Amino acid sequence: MNGVDDTDGARGVGRPGAAGRAVIVTGGSRGLGRETTLRLAAQGCDLAVCGRDAASLEAVAEEVRARHGRTLHTERLDVLDESALAAFVRESAARLGRVHGLVTVAGGARGTDLRDTEPSDWDLTCRLNVTHPAIALREAADHLAGTGGSAVLVSSISGWKPAPPAQYAAAKAAQIHMASSLARELGPRGVRVNCVSPGSMLIEGKGWARLRDEDPRAYRAFEKEFPGGRLVDPRDVAEVIAFLLSDRARGVNGANIPVDGGQNAPSAYGY
Numbered sequence: 001m002n003g004v005d006d007t008d009g010a011r012g013v014g015r016p017g018a019a020g021r022a023v024i025v026t027g028g029s030r031g032l033g034r035e036t037t038l039r040l041a042a043q044g045c046d047l048a049v050c051g052r053d054a055a056s057l058e059a060v061a062e063e064v065r066a067r068h069g070r071t072l073h074t075e076r077l078d079v080l081d082e083s084a085l086a087a088f089v090r091e092s093a094a095r096l097g098r099v100h101g102l103v104t105v106a107g108g109a110r111g112t113d114l115r116d117t118e119p120s121d122w123d124l125t126c127r128l129n130v131t132h133p134a135i136a137l138r139e140a141a142d143h144l145a146g147t148g149g150s151a152v153l154v155s156s157i158s159g160w161k162p163a164p165p166a167q168y169a170a171a172k173a174a175q176i177h178m179a180s181s182l183a184r185e186l187g188p189r190g191v192r193v194n195c196v197s198p199g200s201m202l203i204e205g206k207g208w209a210r211l212r213d214e215d216p217r218a219y220r221a222f223e224k225e226f227p228g229g230r231l232v233d234p235r236d237v238a239e240v241i242a243f244l245l246s247d248r249a250r251g252v253n254g255a256n257i258p259v260d261g262g263q264n265a266p267s268a269y270g271y
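First residue of the sequence shown? That's 1 in full-length UniProt numbering, and the numbers climb one at a time after it.
Structure follows, in structure tokens:
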């Protein structure tokens, strides 16, 4: 992957003793979450992964077993169910025996433009992107403090570059600020908290891949928003997440790291 020898992490290049470290990933079975799970497994990490789709969870678990010889604790749940999410983190910590890292990938939005968006859409979007990572980190914090671990919250380019829909942009901006605040709160306990803000990622079956297939002209126009002429590869984002979880990033705390290829407009549909 991207010229990196997957055995390096197991030898400790990612972090001394990387093999056998334990990481919890929300939304870890599809898209960026899947790539993050696979990257961490390649480094020899033990993992607990949740997601909404049982088939996707089983597929990523089987891939991790086949490619990396690791086993996963998986659980089907919706992170909007706050009690189930909290229980998942607690059970994962118990099963793994320790927690060195937390990655909150699950997110999303509901609603369109301002006139057609209900208060419930704002509430749900905030719960997905702000409340969910806050609860997961609350439950993991004591375990992370015990291992000198860290958390990575996955935000978005929309959190710091204006883009519709506003409820998603506002929630992602709040997530970035929350990570910085929690880094100050948890730092004295030895826990780092950072954000990664991906640009528009090309993921098969998702929106930009559909645009590429259904409207090639619009997709080619959108590619011009990227200096390198291509959308973001989720594997590249997963590499940055893995780095932030490692001791090589021990000086990085409370940061928001854009992984957007220098993207200009966050959307093919304008600001």
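We put the beta carbon where it would ideally sit given N, CA and C, even for glycine.
In this text, all values refer to a predicted model and were calculated from it rather than measured experimentally.
For residue i, which residues from the same chain have a beta carbon less than 8 Å from its beta carbon, with the 5 sequence-adjacent residues on both sides left out?
i    : result
R230 : L202, E223 and G261
S163 : A small fix is needed here, since residue 163 is Ala in this sequence, not Ser. Excluding residues within five positions, the ones whose Cβ falls inside 8 Å are I157, A169, A265, P266, S267 and Y271.
V130 : A171, A174, Q175 and M178
R39  : M1, R235, A238, E239, I241 and A242
E58  : T74
R67  : L38, A41 and A42
S56  : S29, R30 and R34
G20  : G44, C45 and D46
When you compare each of the options to residue i by their alpha carbons, which one comes out closest?
i           : options                   : result
K161        : T37, G20 and P198         : P198
A265        : L144, N256, S158 and S120 : S158
G228        : L57, V259, V23 and D46    : V259
V240        : A22, G27, E35 and G20     : E35
A22         : A94, S200 and A86         : A94
residue 278 : G20, L182 and L128        : One cannot answer for residue 278 here, as it falls past the ends of the chain, which runs 1 to 271.
R250        : R52, G101, D233 and L32   : G101
A87         : D116, R115 and C50        : C50
C126        : G27, A109 and L72         : A109
S181        : W208, L153, E118 and S200 : L153
L32         : D213, D233 and R52        : D233
R138        : G207, D116 and E185       : E185
S200        : Y269, G27 and S246        : Y269
Go through its chain and collect everything with a Cβ distance to residue i's Cβ below 6 Å, but skip five positions before and after it.
i    : result
A134 : none
F226 : G261 and Q263
S155 : K172, Q175, I176, C195 and S197
D46  : A22 and L96
V183 : It should be noted that the sequence gives Ala, not Val, for residue 183. Cβ within range, chain order: V193, N253 and G254.
N256 : I176, C195 and S197
R52  : D78
A54  : R76
L72  : L47, V49, A61 and V64
Mind checking whether residue i and residue j have CB atoms under 8 Å apart?
i    : j    : result
A41  : R76  : no
L96  : A48  : yes
S29  : V60  : yes
V191 : V103 : no
A106 : V79  : yes
H143 : L85  : no
Q167 : G111 : yes
V99  : A136 : no
A218 : L211 : yes
If you reduce the DSSP assignment to three classes, tell me which class residue i lands in.
i           : result
residue 286 : This structure cannot settle anything about residue 286, because the visible part of the chain is limited to 1 through 271.
A42         : helix
S156        : coil
A79         : The amino acid occupying residue 79 in the given sequence is Val; Ala does not appear at that position. Coil at V79, not helix or strand.
N2          : With a pLDDT of 38 at N2, under the threshold of 50, the modelled position of this residue cannot be trusted, and the question is left open.
N256        : strand
S181        : helix
L102        : strand
G262        : coil
T37         : helix
T117        : coil
T26         : strand
T74         : strand
S92         : helix
F56         : Note that residue 56 is Ser in the sequence shown here, rather than Phe. In this structure, S56 counts as helix in the three-state DSSP scheme.
V49         : strand
V232        : strand
R21         : coil
R110        : coil
A163        : coil
A171        : helix
R189        : helix
D8          : With a pLDDT of 40 at D8, under the threshold of 50, the predicted position of this residue should be treated as unreliable, and no value is reported.
Taking 7 Å as the limit between beta carbons, can you name the residues of its chain near residue i, skipping five residues before and five after?
i    : result
G187 : N253
D113 : P164 and P165
D215 : none
R189 : A145
R11  : With a pLDDT of 33 at R11, under the threshold of 50, the predicted position of this residue should be treated as unreliable, though the coordinate-derived value follows. Nothing meets the Cβ criterion.
V116 : Strictly speaking, residue 116 in this sequence is Asp, with Val absent from that position. Answer for D116: no residue qualifies.
E91  : none
Quiz item: Do three or more CB pairs link the region 115-127 to the region 140-151 at distances below 8 Å?
Solution: no
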